[in-house]
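Chains as they are written, first to last, in my numbering: chain A, 485 to 620; chain B, -16 to 77.
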């Protein structure tokens, strides 16, 4: 595995269950056709994605994150939920008509927030730990 | 649709696949592979706006722009004999 924490993303379903995982690097998760294809093909099952910012920082989306949130929502034709998980916080964001704003009461708990942190700190995805998921 | 298009395409052309609003569709005509991304976006927008993409309901509000969307050209391979050009959302995160 790598030398430091990396960003990891998980696409989750409508009760917060993990469906697809992928890993990035220390500062970002790059676009990938294979990931895109898998998420799009399972669009009826996916409520949103969560990704890690594996540092001691407040959970908030970057401008790159927000562009990607908007792109998925245009592609899916519906609003979605976007979790950002840091080492100290897990926050769900949703479009409120003006900005991606934090939700005080998200409709469900993100089931694998701790696993997302652990995998980020381990520097990669051990798919053996992701027992309810498939990989991408 | 794609296979029928493949029969009439030249090597410098590809099939344009568009995803929008929960749907994926294929433009009925091949497009040149050397188009700029902006020109490819314009073709895709016009086609969706006019309802010219089978599988995608017409939408006057369609808009493809970077950095939210990208053009992804996939060369022939894995049993597919023609190039595919996807107009799709960018999945990168920062």
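Think of the CB as a built atom: it goes at the ideal place given N, C-alpha and C, for glycine as much as any other residue.
- Message: Strictly below 7 angstroms CB to CB, what residues from chain A border residue 75 of chain B?
- Response: In chain order: 512, 513, 514, 515, 548, 552.
- Among residues of its own chain, excluding the 5 on either side of residue 57 of chain B, which ones have a beta-carbon nearer than 6 angstroms to its beta-carbon? The beta carbon of residue 57 of chain B sits closer than 6 angstroms to the beta carbons of 67 from its chain, once the five residues preceding and following it are set aside; these are given in chain order.
- May I ask which residues mark the beginning and end of the beta strand (DSSP E) holding residue 638 of chain A? Outside the shown range of chain A, which is 485 to 620, sits residue 638 of chain A, and nothing can be said about it.
- Message: Restricting to Cα atoms, I'd like to know which of A:554, A:541, A:501 is closest to residue 573 of chain A.
- Response: Closest by alpha carbon: A:541.
- Message: Counting only beta-carbon separations shorter than 8 angstroms, does residue 561 of chain A have a partner in chain B?
- Response: yes
- State the DSSP-derived secondary structure class of residue -2 of chain B, mapped to helix, strand or coil. In this structure, residue -2 of chain B counts as strand in the three-state DSSP scheme.
- Under 8 angstroms between beta-carbons, which chain A residues line up against residue 53 of chain B? List them in chain order, please. 515
- Any Cβ of chain B within less than 8 angstroms of the Cβ of residue 558 of chain A? yes
- DSSP on residue 23 of chain B, reduced to helix/strand/coil? helix
- Message: Tell me the rounded alpha-carbon separation between residue 43 of chain B and residue 511 of chain A.
- Response: 37 angstroms
- Opposing strand residues paired with residue 7 of chain B [DSSP bridges]: B:2
- Query: In this structure, does DSSP put residue 56 of chain B in helix, strand or coil?
  - Reply: strand
- Task: Tell me whether residue 29 of chain B sits in a helix, a strand or coil according to DSSP, three-state version.
- Result: helix
- Are the C-beta atoms of residue 57 of chain B and some chain A residue less than 8 angstroms apart? yes
- Message: With the cut-off set at 8 angstroms, would you say residue 592 of chain A and residue 584 of chain A are in Cβ contact?
- Response: no
- Item | Minimum C-alpha distance to residue 52 of chain B - residue among B:27, B:62, B:35, B:-6 | Ranking B:27, B:62, B:35, B:-6 by Cα distance to residue 52 of chain B puts B:27 first.
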